[in-house]
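Notes follow the structure.
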Amino acid sequence: MMRAPTAWSVAVRQPDDRIVARRDDLPRLSNRSRLARVPFVRGILVLVESLSLGFRALSWSAQQATGEEEEPLSGWEIGWTMALAFAIFAGLFILLPAGAANLVSGENDLLFGVVEGLLRLVIFIGYIWAIGRSKEIARVFEFHGAEHMSIWAYEAGRPLSIDAVREYPPEHPRCGTSFLMIVVLGSIVVFSFLGQHGWLFLVLTRLLGIPVIAGASYELLRFSGLRGDGALARALAAPGLWLQKLTTGTPADDQIEVAISSLIVALDEETFDEVMGRGGVPVAALEARRQIFDPLAGDEA
Numbered sequence: 372m373m374r375a376p377t378a379w380s381v382a383v384r385q386p387d388d389r390i391v392a393r394r395d396d397l398p399r400l401s402n403r404s405r406l407a408r409v410p411f412v413r414g415i416l417v418l419v420e421s422l423s424l425g426f427r428a429l430s431w432s433a434q435q436a437t438g439e440e441e442e443p444l445s446g447w448e449i450g451w452t453m454a455l456a457f458a459i460f461a462g463l464f465i466l467l468p469a470g471a472a473n474l475v476s477g478e479n480d481l482l483f484g485v486v487e488g489l490l491r492l493v494i495f496i497g498y499i500w501a502i503g504r505s506k507e508i509a510r511v512f513e514f515h516g517a518e519h520m521s522i523w524a525y526e527a528g529r530p531l532s533i534d535a536v537r538e539y540p541p542e543h544p545r546c547g548t549s550f551l552m553i554v555v556l557g558s559i560v561v562f563s564f565l566g567q568h569g570w571l572f573l574v575l576t577r578l579l580g581i582p583v584i585a586g587a588s589y590e591l592l593r594f595s596g597l598r599g600d601g602a603l604a605r606a607l608a609a610p611g612l613w614l615q616k617l618t619t620g621t622p623a624d625d626q627i628e629v630a631i632s633s634l635i636v637a638l639d640e641e642t643f644d645e646v647m648g649r650g651g652v653p654v655a656a657l658e659a660r661r662q663i664f665d666p667l668a669g670d671e672a
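For the sequence shown, the positions run 372 to 672 when the working numbering is used.
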C-alpha cells in the first residue's frame, strides 16, 4: 500500500501471477478539510484515516490474493472491525499493564506510572515480535520492507528497477512505525505523572490521552522532518528505525515488483512521466497501472 499527496493505492499478486492494483482519492478528512491544517488535530485525523485505509486495503488485497469474489467491506463493517480492534487494544495495552502495575507499585503513584509505561512498551514490542513468528505475517513484513526500499529509490531519483530498489535498506525514518513508537514512549512520560485515582479515571485518561499524545507526536515528527537530517530528526527516528528491525524483512524480487506497482499507481500523471524517464520500471508494474480504472486519471492509464 502506498499513499501519495492526493491518492492512495494498493497492489497485490493474484494466483495467476498477475499484479492487480487499485487507486482511490484520499478522503477529504485529512486531505482537503480545514481541520487538516490545524496543528495537533491533523495528527489524530491522519491516525484515524490510516487505520481506515489499512482495513480497506487489507480487505481488498485478501480478496484479490485468493481470487475469490466477495463483496467489499461496507462502512459499517469497517467501523465494527475497527471497534473490535480498539477493544482488543484497550484490553491489551491499557488494562493489562495498568492492572499488573497496580499489583507491583502499591500506593506509589510515580512507580505505578513508570511500571505501567514500561510494561506497555514490553507488551507492544513483544506483540510485534510474536506475530512476526507467523509465516504469513513475516511475509507481510517483507512487503513492508519492499515498500520502504521502493520509496528510498524513488526519493533518490533512481530508476524504479528491482536491482536499483534492492540497494536500499528496508527501514525508513518516515514509516508509521516511528509514529507509533513515539506515541508509546510519549505515553510513558505523560501517564507517569497522572497517578492512581481509580479504574474509571485510569481508563478514561488513557483512552482520551492517547489521541492527544498522537497529535503531539505527529507535530513533533513533522517538525523534525522539516529540519531534514538534523540531530533532532535522527534522535526521533532512531526508536522507530530500531523497531522496524521487527516490522520489516528483506523481500524477494517478486515482492519488490509488487511494491513498485503500488508506488507508480499512486503517482499522478506528471510524476509518473518523470519516473518513466528514469527507466527500469518492471513490465508487470506498468501493466498493473494500465489496468487501473481511475476516472480522475483520464487517459493517463
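Ideal Cβ positions, reconstructed from N, Cα and C, are used throughout, including at glycine.
Short of 6 Å from the beta carbon of L424, and not among the five residues preceding or following it, lie these beta carbons of its own chain, in chain order: W379. When secondary structure is reduced to three states using DSSP, A378 falls in the strand class. Residue pairing from DSSP leaves R491 without any beta-bridge partner. Following the DSSP letters along the chain, one finds V536 inside the alpha helix (DSSP H) bounded by residues 533-536.
Secondary structure of V629 (DSSP, three-state): helix. Counting along the chain, I508 sits inside the alpha helix (DSSP H) bounded by residues 506-526. Excluding residues up to 5 positions away in sequence, nothing lies with its Cβ nearer than 7 Å to the Cβ of D644 in the same chain. In this structure, DSSP gives I663 a state outside helix and strand, which the three-state scheme calls coil. Counting other Cβ atoms within 10 Å of its Cβ, Y589 reaches 16 or more and is therefore classed as buried. About 35 Å separates the beta carbon of V412 from that of L531, a gap too long to meet the 8 Å contact definition. In terms of Cα proximity to A606, the closest of A637, R389, M552 is M552. Counting C-beta pairs closer than 8 Å gives three or more between the stretch 494-510 and the stretch 611-621, which meets the contact rule. If you look at R405, you'll find it isn't in any beta strand (DSSP E); DSSP assigns it neither H nor E. In this structure, the alpha-carbon of P544 lies about 9 Å from that of H519. The Cβ neighbour count for G586, taken over all protein chains shown within 10 Å, is at least 16; the residue is labelled buried. In this model, T621 and S549 are separated by some 19 Å (Cα to Cα). A517 is not a Cβ neighbour of A535, given a cutoff of 8 Å. Residues I415, L418 of the same chain have their beta carbon placed closer than 8 Å to that of P582, with the five preceding and five following residues left out of the count.
For R384, the beta-bridge partners assigned by DSSP are I390. Secondary structure at D396: strand, using DSSP grouped into helix, strand and coil. Segment contact: the stretch 626-641 against the stretch 560-577, fewer than three CB-CB distances shorter than 8 Å; contact not assigned.
In terms of Cα proximity to I663, the closest of P376, T377, I390, A375 is I390. When G488, V654, A659 are compared, the shortest CA-CA separation from F464 is found for G488. By the CB criterion at 8 Å, V409 and R393 fall outside the cutoff.
Cβ neighbours of F483 within its own chain (closer than 6 Å, five residues either side excluded): A472, S476, Q567. S558 places its beta carbon 8 Å or farther from that of I522. In the displayed model, M552 falls within a helix according to three-state DSSP. I631 is a Cβ neighbour of V652, given a cutoff of 8 Å. Annotation: N479 to E542 spans about 39 Å, alpha carbon to alpha carbon.
Among the bridge pairs identified by DSSP, M373 is matched with S380. By the 16-neighbour rule on beta-carbons within 10 angstroms, T619 is buried. Boundaries of the alpha helix (DSSP H) around T642: 640-649.
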